[in-house]
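>
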Amino acid sequence: MFLSSWIMADAQVSYLNRPDLLDRVDSCLQHTYNFSFDRARHFQQELMKATPKHPAPHFLEALIVYWENFPLIPDDDESDLFVDLMTQTVKLAEEYIEGENTHLEGVFFDLFGRAFKAMYWADNGKAGKVIPDLRTMYRHTVEGFDLKDQFDEFYFSTGLYNYYIEAYPEAHPVYKPLVSFMTEGDMKLGLHHLNHAINHSIYLKVESMLFMSLIQLKYEEDMNTAAMYAEKLHREYPRNIYYQGHLVTILLHQHRYRRVKEVLESVETQDDSYSEMIRVMAGAFVAEKKDGNHQLAGKGYRKAIELADSFGPFADQFKAIGYMGLSRLHENKGLHGEAKRYARKASNRTVYNFILDE
Numbered sequence: 168m169f170l171s172s173w174i175m176a177d178a179q180v181s182y183l184n185r186p187d188l189l190d191r192v193d194s195c196l197q198h199t200y201n202f203s204f205d206r207a208r209h210f211q212q213e214l215m216k217a218t219p220k221h222p223a224p225h226f227l228e229a230l231i232v233y234w235e236n237f238p239l240i241p242d243d244d245e246s247d248l249f250v251d252l253m254t255q256t257v258k259l260a261e262e263y264i265e266g267e268n269t270h271l272e273g274v275f276f277d278l279f280g281r282a283f284k285a286m287y288w289a290d291n292g293k294a295g296k297v298i299p300d301l302r303t304m305y306r307h308t309v310e311g312f313d314l315k316d317q318f319d320e321f322y323f324s325t326g327l328y329n330y331y332i333e334a335y336p337e338a339h340p341v342y343k344p345l346v347s348f349m350t351e352g353d354m355k356l357g358l359h360h361l362n363h364a365i366n367h368s369i370y371l372k373v374e375s376m377l378f379m380s381l382i383q384l385k386y387e388e389d390m391n392t393a394a395m396y397a398e399k400l401h402r403e404y405p406r407n408i409y410y411q412g413h414l415v416t417i418l419l420h421q422h423r424y425r426r427v428k429e430v431l432e433s434v435e436t437q438d439d440s441y442s443e444m445i446r447v448m449a450g451a452f453v454a455e456k457k458d459g460n461h462q463l464a465g466k467g468y469r470k471a472i473e474l475a476d477s478f479g480p481f482a483d484q485f486k487a488i489g490y491m492g493l494s495r496l497h498e499n500k501g502l503h504g505e506a507k508r509y510a511r512k513a514s515n516r517t518v519y520n521f522i523l524d525e
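Position in the sequence shown counted from 1, then plus 167, gives you the numbering used here.
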């Protein structure tokens with residue numbers, strides 16, 4: 168009965184001002200990020216049946232594939248499916264851009280179909296595959312500044328642009344000549360836009376919270392605020408193994424070992440290798456820092472690095488934590504050369520000062 172009340176499936180439907188559709192988008196995303204994939208697919212397939220030519224169902228299916236196979240790496244069979252679905256999202260979005268009533272959604276899905284592919288490739292150490300989409304992504308990002316008050320989702324892209332176009336070159340001066348030809352940003356405004364996206368967007372609410380936490384860690388160096396957003400992500404999506412690892416990493420470096428124990432106990436039934444990597448890494452850190460058991464810590468750090476190897480560049484941050492742990496252990500033994508060698512390995516695998524300065 169519900170589906171029969173929707174617009175004909177072959178029409179070019181807009182989801183804007185359609186709470187019946189957007190509620191199902193939201194339900195799909197909430198279940199996806201909490202790793203409840205059967206429930207997520209229920210809502211995604213309802214949308215696909217009713218609006219097969221809209222970019223949203225394809226975008227949502229791609230996200231389900233991504234998280235169901237997390238961490239998704241290029242060697243996985245499902246990686247091709249993820250890329251194909253995001254490519255299909257972009258193809259449908261290009262058609263929507265031409266419509267007067269669908270232009271907003273067209274620009275959005277064209278931008279973020281490309282952007283999510285770009286994040287996937289970049290996280291897996293294949294940034295070169297992003298280059299073909301950069302010009303279009305930049306054009307739509309700039310256009311989003313004029314569209315954000317009509318479609319709240321654009322506050323995510325304008326927030327990231329405003330912040331990173333200023334913060335990244337400051338942290339990496341070699342890029343200053345490149346960005347000098349681009350539209351200037353405003354870091355404070357960027358954080359304001361991200362906060363707006365957290366409170367008002369549907370498609371990108373969760374991503375906005377994650378990036379707010381990451382920005383606080385890397386650029387603002389405000390670990391307490393980063394932890395606040397990480398706790399919120401874990402509280403709302405407790406089964407998400409990425410958010411678990413993100414939170415545990417912060418808590419360890421805040422030396423909040425009781426809270427680390429609580430988080431790990433709440434997810435101890437998860438038996439995937441990514442969760443095992445997090446537990447082993449945390450156990451090694453606690454053994455070193457809290458218990459002073461350096462032998463157990465060294466064994467744990469090496470095991471965590473071994474587990475991280477199977478995920479390639481995606482797990483480099485966990486390798487960095489392991490290598491810094493080994494560096495400290497060797498320094499404690501007076502093995503300064505080995506300590507420096509492990510520290511260099513760590514610095515090659517993370518940009519986070521809080522890990523390198525521990």
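C-beta: ideal position from N, C-alpha, C; glycine also. Keep in mind that this is a model prediction, so the values were computed, not measured.
Return the first residue and the last residue of the alpha helix (DSSP H) that H461 is part of.
Where H461 is concerned, the enclosing alpha helix (DSSP H) stretches over 461 to 476.
> Tell me, to the nearest whole angstrom, how far the beta carbon of L419 is from that of E398; I am working on the premise that it is less than 8 angstroms.
That belief does not hold up - the Cβ atoms of L419 and E398 are roughly 14 angstroms apart, past 8 angstroms.
> Going by DSSP in three states, I240 sits in which element: helix, strand or coil?
If DSSP states are grouped into helix, strand and coil, I240 belongs with coil.
> Tell me, to the nearest whole angstrom, how far the beta carbon of L239 is from that of E245; I am working on the premise that it is less than 8 angstroms.
That belief holds up - the Cβ atoms of L239 and E245 are roughly 6 angstroms apart, short of 8 angstroms.
> List in chain order: all unbroken alpha helix (DSSP H) runs of 4+ residues lying wholly within the stretch 323 to 377.
DSSP runs (the alpha helix (DSSP H)) wholly in the stretch 323 to 377: 343 to 346, 354 to 367.
> Quick test of the definition: if touching needs 3 or more C-beta pairs under 8 angstroms, does the stretch 360 to 368 touch the stretch 314 to 327?
Touching, yes, given that three or more Cβ pairs across the two stretches are closer than 8 angstroms.
> Are the beta-carbon atoms of E552 and M491 separated by less than 8 angstroms?
Nothing about residue 552 can be read from this structure; the chain reaches only from 168 to 525.
> So for G280, helix, strand or coil by DSSP?
Helix at G280.
> Specify the secondary structure class of G501 as computed by DSSP and reduced to three states.
If DSSP states are grouped into helix, strand and coil, G501 belongs with coil.
> State the Cα-Cα distance for the pair R495 and G504, rounded to the nearest angstrom.
Cα-Cα distance, rounded: 12 angstroms.
> Excluding the 5 residues preceding and the 5 following E333 in the sequence, name in chain order all residues of the same chain whose CB lies nearer than 8 angstroms to its CB.
Once the five neighbours on either side are set aside, the close Cβ partners of E333 are E351, G352, D353, M354, G357.
> Under the criterion of a Cβ to heavy atom distance below 7 angstroms, does H339 qualify as lining the ligand FAD?
The model on display carries no ligand, and the ligand FAD is accordingly not part of it.
> Say whether the stretch 438 to 453 touches the stretch 462 to 478, bearing in mind that this needs 3 or more beta-carbon pairs closer than 8 angstroms, one atom from each stretch.
Because the criterion of three Cβ pairs below 8 angstroms is met, the stretch 438 to 453 and the stretch 462 to 478 touch.
> Measure the C-alpha to C-alpha separation of I488 and E213 and round it to an integer number of angstroms.
Answer to the nearest angstrom: the Cα atoms are 43 angstroms apart.
> Of all the options E261, G266, A229, Y263, which has the alpha carbon lying nearest to the alpha carbon of L248?
Closest by alpha carbon: A229.
> Using CA coordinates, which residue listed in H497, F348, V518, S194 is at the minimum distance from D483?
Per the Cα distances, V518.
> What did DSSP end up calling L189 once you bin it into helix, strand or coil?
Here L189 sits in helix by DSSP.
> Going by the CB atoms, is the gap between Y200 and Y404 shorter than 8 angstroms?
Yes, the Cβ-Cβ distance between Y404 and Y200 is below 8 angstroms.
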